[in-house]
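J.: Position 132, counted from 1, in the sequence shown is what this note's numbering calls 245; the numbers after and before it change by one each time, with no gaps.
Note that beta-carbon positions come from the ideal geometry of N, C-alpha and C, so glycine has one too.
Predicted, not measured: the structure shown is a model, and the values here were computed from it.
Encoded as structure tokens, here's the structure I'll be asking about.
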Amino acid sequence: MAQSSGSESSGGGKDNDGSTRIPFTLHRVFRDDDTSLCSLYLEMPSGMEDISKSYAYPKVFLLVNDKDKSQKDCLKMMHNLIHENVLGVKFWEEVEGEPYIRVYVEPYTAFVSELLKNAEFAVHPIIHSVPSRDFRKMVWAAINALDYIRESGNYHGNFSWRTTLYHEANGNIVVKLAYFERKNSKTLLQCQAEDFISLGASLEAVSRHVRNNYAKFQNQTCCLIDDLASKLKSVTKFSVGTAKHDLEDHDFFWDEKRTKMFFAYEVPKIFKNEAVKNRFRALPTCPTLPWKTKWSPDPLSDPILIEMEKYRAKHGLGQYNENSFEDFLRFISGMYTHENLLRKQVICRHHTQTQYT
Numbered sequence: 114m115a116q117s118s119g120s121e122s123s124g125g126g127k128d129n130d131g132s133t134r135i136p137f138t139l140h141r142v143f144r145d146d147d148t149s150l151c152s153l154y155l156e157m158p159s160g161m162e163d164i165s166k167s168y169a170y171p172k173v174f175l176l177v178n179d180k181d182k183s184q185k186d187c188l189k190m191m192h193n194l195i196h197e198n199v200l201g202v203k204f205w206e207e208v209e210g211e212p213y214i215r216v217y218v219e220p221y222t223a224f225v226s227e228l229l230k231n232a233e234f235a236v237h238p239i240i241h242s243v244p245s246r247d248f249r250k251m252v253w254a255a256i257n258a259l260d261y262i263r264e265s266g267n268y269h270g271n272f273s274w275r276t277t278l279y280h281e282a283n284g285n286i287v288v289k290l291a292y293f294e295r296k297n298s299k300t301l302l303q304c305q306a307e308d309f310i311s312l313g314a315s316l317e318a319v320s321r322h323v324r325n326n327y328a329k330f331q332n333q334t335c336c337l338i339d340d341l342a343s344k345l346k347s348v349t350k351f352s353v354g355t356a357k358h359d360l361e362d363h364d365f366f367w368d369e370k371r372t373k374m375f376f377a378y379e380v381p382k383i384f385k386n387e388a389v390k391n392r393f394r395a396l397p398t399c400p401t402l403p404w405k406t407k408w409s410p411d412p413l414s415d416p417i418l419i420e421m422e423k424y425r426a427k428h429g430l431g432q433y434n435e436n437s438f439e440d441f442l443r444f445i446s447g448m449y450t451h452e453n454l455l456r457k458q459v460i461c462r463h464h465t466q467t468q469y470t
């Protein structure tokens, strides 16, 4: 077992030639009983009251409250797992006379659970649907990290947003999995599957929080997160090996480009399918024909419909047929396909009208 074996320090001051001596502390951090090799760590300058302010010295991340072999095995595993989304453990030491292990790690900001206390963090601010851009990236980072841990022949054993940290720098949020634990009387595959199930349960908790606390909640706000949570909770020891691959094209993770490709290329293929059209017709939000007057009381002044008709005319497509249900589906599909252009044109139109009123 590697052990801490004390430290030595030197004082500061000026030498005769005018150069300044910088005080330092040399920590004898590890001694490996198997190899008799020692690892040293230099703290310079020494005597800093808050070592977390020093970029050269790792921040104290964790005080492990017991020194059993299970906890030490988890720390060794985290030390060996080199991944952007697994908290990097630099070294640790047993504190003499204290019942804990002091662990030094890479920089981090706070727990993910602190971010998620604000329900709006998880929701896209424009379409009022989960996920937001940052939350989408965080969930995929968690899946990516859990799969990396699985491929490394390990498991997390204690995943939740309360045990997951993040580091924020230059506007980017990077998830850091931490607080690993060992489980008794379970197979490795079962433990790996339970990591994904725990992520699913964590998404369910976010969904409940959004439903109860998001002021602009709508029926579709939590559709994607609920479906993804259900799929994660269905992972078994037989499917865990392909869980990441199975979920990577889930629409929860679609960015703007993937969404546009879906509506531009995949949706039009199904317009001739009567079964699909009948499902759309059965929706309570589906308008009756002629759909233009159902879409807007005054279609001639509706900004979105106007811009979509202009786009079709420019490209020789002709006007939408308000008595064709297929054209209504094309209209909806086109709005998603040209979302950014529509937003720009509608805002520009609004500003122009405001100037002359």
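1) Please name the residue in K390, D362 and E227 whose C-alpha comes closest to that of I286.
2) Using the three-state DSSP reduction, which class does V236 fall into: helix, strand or coil?
3) Relative to the C-alpha of P220, which candidate in H280, L442, L301 and H269 has its C-alpha closest?
4) Tell me the start and end of each unbroken alpha helix (DSSP H) in the segment 210-279 that is at least 4 residues and wholly inside, in chain order.
5) Might you give, ordered along the chain, the residues of its own chain that have their beta carbon closer than 6 Å to the beta carbon of K329, omitting 5 neighbours on each side?
6) Going by DSSP, name the residue or residues bridged to N386.
7) Determine the DSSP secondary structure at W404, reduced to helix, strand or coil.
8) Is the beta carbon of V380 less than 9 Å from the beta carbon of S446?
9) Beta-carbon within less than 6 Å of E294's beta-carbon, same chain only, minus the 5 sequence neighbours each way: which residues are those?
10) In three-state DSSP terms, what is L200?
11) Among the residues of its own chain, which have a CB less than 7 Å from the CB of M484, if the five just before and after it don't count?
12) Excluding the five sequence neighbours on either side, which residues of its own chain have a C-beta within less than 6 Å of the C-beta of C187, listed in chain order?
13) By the DSSP assignment, the alpha helix (DSSP H) with L312 in it spans what residues?
14) Can you tell which of H322, F365, R275 and M421 has its C-alpha closest to the C-alpha of C336?
15) Compute the Euclidean distance between the alpha carbons of C399 and K185, then round it to the nearest angstrom.
16) Can you check which of these residues, E435, Y378, V323 and S311, is closest to P244 by C-alpha distance?
17) Taking W404 and E439 to be in contact with their CB atoms under 8 Å, please state how far apart those CB atoms are, rounded to whole angstroms.
18) F224: buried (16+ other C-beta within 10 angstroms of its C-beta) or exposed?
19) So what does DSSP say about I286, is it helix, strand or coil?
20) For the segment 387-398 against the segment 338-358, are there 3 or more C-beta pairs whose distance is under 8 Å?
21) Going by alpha carbons, who is nearest to M374 out of L194, G284, E264 and H451?
22) Rounded to the nearest angstrom, what separates S320 and I417 at their Cα positions?
23) Thinking just about the alpha-carbon of each residue, which of V252, S183 and D415 is nearest to the one in W367?
24) Secondary structure at E294, three-state DSSP: helix, strand or coil?
25) Using 9 Å as the threshold, is the C-beta distance between M421 and F384 below it?
26) In this structure, does DSSP put E361 in helix, strand or coil?
T.: Concretely, from the data shown:
1) Of K390, D362 and E227, the residue nearest in Cα terms is E227.
2) V236 falls in the coil class under three-state DSSP.
3) It is H280 whose Cα lies nearest to the Cα of P220.
4) With a minimum length of 4 residues, the unbroken runs of alpha helix (DSSP H) contained wholly in the segment 210-279 fall at 225-229 and 246-264.
5) Beyond the five residues adjoining it in sequence on each side, K329 comes within less than 6 Å, by CB distance, of H241 in the same chain, given in chain order.
6) Per DSSP, none; premise fails for N386.
7) Judged by DSSP in its simplified three-state form, W404 adopts helix.
8) Their beta carbons are under 9 Å apart, which means V380 touches S446 by this criterion.
9) Closer than 6 Å at the Cβ level, and outside the excluded window around E294, lie G270 and N271.
10) Coil at L200, not helix or strand.
11) The structure shown has nothing for residue 484, since the chain only spans 114 to 470.
12) Cβ neighbours of C187 beyond the five flanking positions: F293.
13) First-last of the alpha helix (DSSP H) with L312: L301 to N326.
14) Ranked by Cα distance from C336, the options H322, F365, R275 and M421 are led by F365.
15) Cα atoms of C399 and K185: separation of roughly 59 Å, rounded to the nearest angstrom.
16) Nearest C-alpha to P244: V323.
17) Wrong, their Cβ atoms sit about 11 Å apart, outside the cutoff.
18) If you draw a 10 Å sphere on the C-beta of F224, you find 16 or more other C-beta atoms in it, and that means buried.
19) Correct three-state label for I286: strand.
20) Three or more beta-carbon pairs separated by less than 8 Å are not found between the segment 387-398 and the segment 338-358, which leaves the two stretches without contact.
21) Taking each of L194, G284, E264 and H451 in turn and checking the Cα distance to M374, the smallest one comes out for H451.
22) One C-alpha to the other measures close to 31 Å.
23) Selection V252, S183 and D415 evaluated against W367 yields V252 as nearest (Cα-Cα).
24) E294 carries a coil assignment under DSSP once its states are collapsed to helix, strand and coil.
25) The Cβ atoms of M421 and F384 lie no closer than 9 Å to each other.
26) E361: coil per DSSP, three-state reduction.
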